[in-house]
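What follows is a short report on a single structure.
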Amino acid sequence: MSLKLYNTRTRTVEPFTPLESNHVRMYVCGLTPSAEAHLGHARSFLFFDVLRRYLQHLGYRVTYVRNVTDIDDRSIARARETGESYSAIMRRHYDSFAASMRRLGVDPPDVEPRATAYIEPIVEMVDELVARDFAYTTDDGVYFTVKKFPRYGALSHRNVDELLAGARIAVDEHKHDALDFALWKFAKPGEPAWESPWGAGRPGWHIECSAMARAILGEPFDIHGGGFDLVFPHHENEIAQSESLMPAPPMANVWMHGGLLMFDGKKMSKSLGNFEPLSALLDRHDPRAIRLLFLGTGYRKPMNFTEDSITGATAALDRLRRAYEKLGADAGDPAVLTAYEGRFFDALSDDLNTAGALGVLFEAVADPRVRGPQAVAFFDTAQHLFGIAGAFAPAAPALRIFDDAFVARLAAALGDAVHLNGHTPEAAIATVIEARNAARAGRDFARADRLRKALAELRIVLTDNKDGTTSWTFEE
RNA sequence: GGCGACAUAGCCAAGUGGUAAGGCAGAGCUCUGCAAAAGCUCCAUCCCCAGUUCGAAUCUGGGUGUCGCCUCCA
């Protein structure tokens, strides 16, 4: 089955055909790092990461642009409150976000433009809009005239008259019309500012994406994405700006939007502040479990996050990993494997149905006929696409357990059963395991169980393997 | 107030006309000194009502509920 993707603009799943035969160009609206990133951001960027991996798997060259909005009103306000500069605030949160993305195995985009590095193209674009009479200047900025763009509302399927009738649009005396939006904001005293033909100031939020997409990818391009909350007004405004200047719209062929992540039944958002920083969450959970959790739900669906759901995903990940390790070199049934592969890739091609594909993967691991090198190759591909192969972050809980007092705590738990003076934590555990195995060999099971219990108190769980060896793991 | 999305087992969730994938949790059994893993078995008729159809979780209409957007937001 060839790839089909859901397009917000048409509200249908459509066959995907890139503008250039073998090259996909996509632009995804990235983060405004005026605050710590949260798990909702991770969900969104994770989805586009998997989309890129699948496009590459299908043989396309992908140029993936994801911007960073490194200037905004919120960071300026924060700077005024705290004394830290707005750029330092942005930098700090961006660094934390980038580190979290690395831990999550989300590959960096090919180009990650910052708005403040593209002031010139932004000013140029605003200039063109003013010159062609799509925009006007007031005493506090330059605004886009929404009335001059007849298709306004086509993406979000809104009617301009109904929008105007809505009670919640704030009346702003600076603007000619309530729907008009800022392209350029004049700086108040003390605010960061760049020169422009109309006066010193900073770009409005929407124009940067239009300008950077045009400068880096050229227009039109294939896929424009972001979270569902960006459909209106952000992406609607981008379309209005960009397509007003284009001889042959559209700006982008396919508009894709990821479903929002809820916490406690409510959307995570900066204004609600109802979230835990992503970096803190990653200290407590295996990032691959987080990926598995997200991939288990359709990307367009709203999703509620709970601690229990990550616990479940962690268990599922463990099972998948153990099953993978057992695929081994035994001969399997190639026809059976091929059938699973077909269903797996059909699911992914159907608007990236990762949840369906995951179901196929679990069915396949449970099937004894799926064995051997071909099966291993299939699982390698699947794990790569989902980004759950190997370990790409340190196991934080493990690091916390091995503190200086570890051996002392273990000795206390053991009583006088085993002497551990001067041992490293690893050596201490190995010594206890040896003692337990000696006890087992002597049929002294009571002593063996006491030793197991002592380790268990420190959350170290022993597993007796079939070959007679004993291994240990941390219990989360 | 306007617009939109969603509603499947204890929890998560796929499936959009042909008789309910999968995961987590749980129960029983096999294996096991114990424990874990593994294997086998069991566990829903798809929010409610009406309609279309030989046949509907899937289509239509009407309810109810939850959430989102309309304001910075992935």
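Residue numbers for the first sequence, in this note's numbering: 188 to 663.
Even for Gly, the Cβ is constructed at its ideal location relative to N, Cα and C.
Source: prediction; values computed, not measured.
Helix, strand or coil for residue i, going by three-state DSSP, please let me know.
| i | result |
| --- | --- |
| residue 545 | helix |
| residue 253 | strand |
| residue 247 | coil |
| residue 575 | coil |
| residue 241 | helix |
| residue 327 | coil |
| residue 397 | helix |
| residue 369 | strand |
| residue 448 | strand |
| residue 652 | coil |
| residue 556 | coil |
| residue 322 | strand |
| residue 225 | strand |
| residue 335 | helix |
| residue 232 | helix |
| residue 207 | strand |
| residue 470 | helix |
| residue 565 | helix |
Kindly indicate which residue of the options has the alpha-carbon position closest to the one of residue i.
| i | options | result |
| --- | --- | --- |
| residue 418 | 308, 505, 287, 339 | 339 |
| residue 320 | 306, 336, 294 | 336 |
| residue 436 | 401, 412, 225 | 401 |
| residue 487 | 188, 207, 233 | 233 |
| residue 344 | 548, 416, 196, 414 | 196 |
| residue 389 | 328, 484, 426 | 328 |
| residue 315 | 589, 384, 649, 612 | 384 |
| residue 296 | 628, 518, 403 | 403 |
| residue 566 | 543, 528, 478 | 528 |
| residue 334 | 526, 365, 310, 312 | 365 |
| residue 317 | 304, 308, 332 | 332 |
| residue 514 | 634, 554, 472 | 554 |
| residue 276 | 258, 285, 292, 542 | 258 |
| residue 292 | 193, 349, 469 | 469 |
| residue 588 | 645, 349, 449 | 645 |
| residue 556 | 510, 472, 600, 421 | 510 |
| residue 208 | 230, 496, 228, 242 | 242 |
| residue 216 | 653, 630, 399 | 399 |
| residue 604 | 491, 569, 640 | 640 |
| residue 559 | 530, 547, 543, 512 | 512 |
| residue 450 | 473, 226, 507, 552 | 226 |
| residue 370 | 600, 498, 308 | 308 |
Tell me where the beta strand (DSSP E) around residue i begins and ends.
| i | result |
| --- | --- |
| residue 524 | From DSSP, residue 524 is part of no beta strand (DSSP E) but of the alpha helix (DSSP H) over 521 to 536. |
| residue 381 | No beta strand (DSSP E) holds residue 381; DSSP gives it neither H nor E. |
| residue 464 | From DSSP, residue 464 is part of no beta strand (DSSP E); its letter is neither H nor E. |
| residue 389 | 388 to 390 |
| residue 211 | 210 to 215 |
| residue 415 | Careful: residue 415 lies outside any beta strand (DSSP E) and carries neither H nor E. |
| residue 661 | 657 to 661 |
| residue 199 | 199 to 202 |
| residue 194 | 191 to 194 |
Going by DSSP, what residue range makes up the alpha helix (DSSP H) through residue i?
| i | result |
| --- | --- |
| residue 702 | The structure shown does not extend to residue 702, since the chain is modelled only from 188 through 663, so no value can be given for it. |
| residue 483 | From DSSP, residue 483 is part of no alpha helix (DSSP H); its letter is neither H nor E. |
| residue 312 | 306 to 318 |
| residue 497 | 494 to 512 |
| residue 444 | Note, residue 444: premise wrong, no alpha helix (DSSP H); beta strand (DSSP E) at 439 to 445. |
| residue 616 | 612 to 628 |
| residue 269 | 260 to 269 |
| residue 347 | 347 to 352 |
| residue 640 | 632 to 644 |
| residue 423 | 423 to 432 |
| residue 601 | 593 to 601 |
Mind checking whether residue i and residue j have CB atoms under 8 Å apart?
| i | j | result |
| --- | --- | --- |
| residue 447 | residue 475 | no |
| residue 607 | residue 562 | no |
| residue 262 | residue 466 | no |
| residue 660 | residue 620 | no |
| residue 424 | residue 485 | no |
| residue 638 | residue 626 | yes |
| residue 443 | residue 429 | no |
| residue 202 | residue 273 | no |
| residue 575 | residue 616 | no |
| residue 191 | residue 416 | no |
| residue 500 | residue 480 | yes |
| residue 392 | residue 421 | yes |
| residue 440 | residue 649 | no |
Three CB pairs or more closer than 8 Å across the stretch 241 to 257 and the stretch 280 to 300: Verdict: yes, contact present.
Three CB pairs or more closer than 8 Å across the stretch 264 to 273 and the stretch 207 to 220: Output reads no: the stretch 207 to 220 does not touch the stretch 264 to 273.
The stretch 589 to 596 contacting the stretch 522 to 539, beta-carbon criterion three pairs below 8 Å: No, they do not touch.
contact_flag[the stretch 215 to 231, the stretch 457 to 465] where n(CB pairs < 8 Å) is 3 or more: With three or more CB-CB distances shorter than 8 Å, the stretch 215 to 231 counts as touching the stretch 457 to 465.
The stretch 271 to 280 touching the stretch 236 to 247, judged by at least three CB pairs closer than 8 Å: Contact check between the stretch 271 to 280 and the stretch 236 to 247: fewer than three CB pairs, one atom from each, fall below 8 Å, which does not count as touching.
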